[in-house]
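Which chain is which? The protein sequence lines are A and B, in order.
Throughout, our numbering is defined as the position within the first sequence, counted from one, plus 6.
Throughout, our numbering is defined as the position within the second sequence, counted from one, plus 267.
Built from N, CA and C at the ideal position, the CB exists for glycine as well.
The structure appears right after this line, and notes come after that.
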Amino acid sequence: DARVTQTPRHKVTEMGQEVTMRCQPILGHNTVFWYRQTMMQGLELLAYFRNRAPLDDSGMPKDRFSAEMPDATLATLKIQPSEPRDSAVYFCASGTGQANIQYFGAGTRLSVL
Amino acid sequence: ELKVEQNPLFLSMQEGKNYTIYCNYSTTSDRLYWYRQDPGKSLESLFVLLSNGAVKQEGRLMASLDTKARLSTLHITAAVHDLSATYFCAADSGGGADGLTFGKGTHLIIQP
Numbered sequence: 007d008a009r010v011t012q013t014p015r016h017k018v019t020e021m022g023q024e025v026t027m028r029c030q031p032i033l034g035h036n037t038v039f040w041y042r043q044t045m046m047q048g049l050e051l052l053a054y055f056r057n058r059a060p061l062d063d064s065g066m067p068k069d070r071f072s073a074e075m076p077d078a079t080l081a082t083l084k085i086q087p088s089e090p091r092d093s094a095v096y097f098c099a100s101g102t103g104q105a106n107i108q109y110f111g112a113g114t115r116l117s118v119l
Numbered sequence: 268e269l270k271v272e273q274n275p276l277f278l279s280m281q282e283g284k285n286y287t288i289y290c291n292y293s294t295t296s297d298r299l300y301w302y303r304q305d306p307g308k309s310l311e312s313l314f315v316l317l318s319n320g321a322v323k324q325e326g327r328l329m330a331s332l333d334t335k336a337r338l339s340t341l342h343i344t345a346a347v348h349d350l351s352a353t354y355f356c357a358a359d360s361g362g363g364a365d366g367l368t369f370g371k372g373t374h375l376i377i378q379p
């Protein structure tokens with residue numbers, strides 16, 4: 007059963023600490039997305055990659071967030087330094103580009119104290 | 268900037284009833300998506316609508332797309348409790364830009 011795998015599932019950290027979230031897309035999928043979900047803002051696109059190249063990161067605060075794809079099986083989202091307003095659920099999704107169907111991982115629930 | 272608006276944002280209904288969720292989007296979009304999210308869970312793809320007049324059905328759910336009106340609907344027929352969830356519509360900007368813009372979601376509660 008192919009699925010997008012995200013780790014960790016939960017993360018509690020203190021303000022100022024570095025946070026790294028990881029995503030393993032479905033094998034064969036060439037497009038990877040990062041979204042953030044909060045009660046106030048809903049679901050927001052942060053960044054996405056196609057064939058490991060960043061195509062759009064306009065939704066991401068550049069001063070503290072960074073997204074990379076070191077290889078085709080791993081995408082990372084880093085926050086440094088973290089702030090309480092970064093508390094949210096971060097979803098990774100992957101797809102093949104066909105009809106742009108995106109398959110979502112279970113999410114990383116981040117709490118910054 | 269693409270904007271997606273859903274209504275209602277909250278809906279409580281009884282089993283056996285029919286209802287429709289509406290999704291308006293602000294600019295020309297090639298494709299419209301519907302997702303389901305259960306509390307504390309991930310998003311599950313329900314439908315992808317690719318062209319004007321597209322209609323797709325799965326069980327008690329039916330989605331349609333009118334690109335001229337920039338409107339998609341999700342119709343629930345004879346609701347059952349298991350359909351209680353939050354439903355999101357989303358659109359992409361087209362032209363190869365694949366990131367989705369989501370509506371705020373419709374929180375649906377179906378009571379016995």
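Exposed or buried, what is residue i when buried is set at 16 or more other beta-carbons lying within 10 Å of its beta-carbon?
i	result
A357/B	buried
L317/B	exposed
G103/A	exposed
A53/A	buried
N274/B	exposed
F248/B	Residue 248/B lies beyond the range of chain B shown here (268 to 379); nothing can be said about it.
Q281/B	exposed
T368/B	buried
For residue i, write down the residues that DSSP places opposite it in a beta bridge.
i	result
L235/B	There is simply no residue 235/B to check, as chain B begins at 268 and stops at 379 in what is shown.
A53/A	W40/A
V322/B	S331/B
E311/B	R303/B
D62/A	Y54/A
E424/B	Absent from the model: residue 424/B. The displayed extent of chain B is 268 to 379, so no value can be given.
Quick one: measure Cβ to Cβ for residue i and residue j, integer angstroms, because I've assumed they're closer than 8 Å.
i	j	result
G48/A	G372/B	7 Å
I343/B	L350/B	6 Å
I377/B	V347/B	7 Å
L119/A	M45/A	Their Cβ separation, rounded to whole angstroms, is 18 Å, which puts L119/A and M45/A out of contact at 8 Å.
D359/B	R303/B	That pair is no contact at about 18 Å.
Between residue i and chain E, is any beta-carbon pair separated by less than 8 Å?
i	result
L80/A	In the structure shown, chain E cannot be found, because the protein chains are A and B.
What residues from the stretch 101-116 of chain A come within 8 Å of chain B, judged by C-beta to C-beta, listed N to C? Cβ contacts with chain B come from G101, G103, A105, N106, I107, Q108, Y109, F110, G111, A112 and G113.
Using a Cβ-Cβ cut-off of less than 7 Å, list which residues of the stretch 54-76 of chain A approach chain B; keep chain order. Hits within the stretch, in order: Y54 and D62.
Do the stretch 79-89 of chain A and the stretch 23-34 of chain A meet, that is, are 3 or more Cβ pairs less than 8 Å apart? Look at the beta carbons and you see the stretch 79-89 of chain A touching the stretch 23-34 of chain A: at least three pairs across the two are nearer than 8 Å.
Below 9 Å between beta carbons is the criterion; list the residues of the stretch 23-42 of chain A that meet it against any residue of chain B, in chain order. Those would be T37, F39 and Y41, in chain order.
For the stretch 308-334 of chain B, which residues have a CB atom closer than 9 Å to at least one CB atom of chain A, in sequence order? Considering only beta carbons, the part of the stretch 308-334 of chain B lying closer than 9 Å to chain A consists of K308, S309, L310, E311, S312, V315 and L317, in chain order.
So, does the stretch 94-108 of chain A touch the stretch 33-40 of chain A, judging by three or more C-beta pairs under 8 Å? The count of Cβ pairs closer than 8 Å, one atom from the stretch 94-108 of chain A and one from the stretch 33-40 of chain A, reaches three, so the stretches are in contact.
Relative to chain A, which residues along the stretch 355-370 of chain B have a C-beta separation below 9 Å, given in chain order? So the close ones are F355, A357, D359, G363, A364, D365, G366, L367, T368, F369 and G370.
Touch test, the stretch 110-117 of chain A against the stretch 301-311 of chain B, Cβ-Cβ under 8 Å, three pairs minimum: Short answer: they touch.
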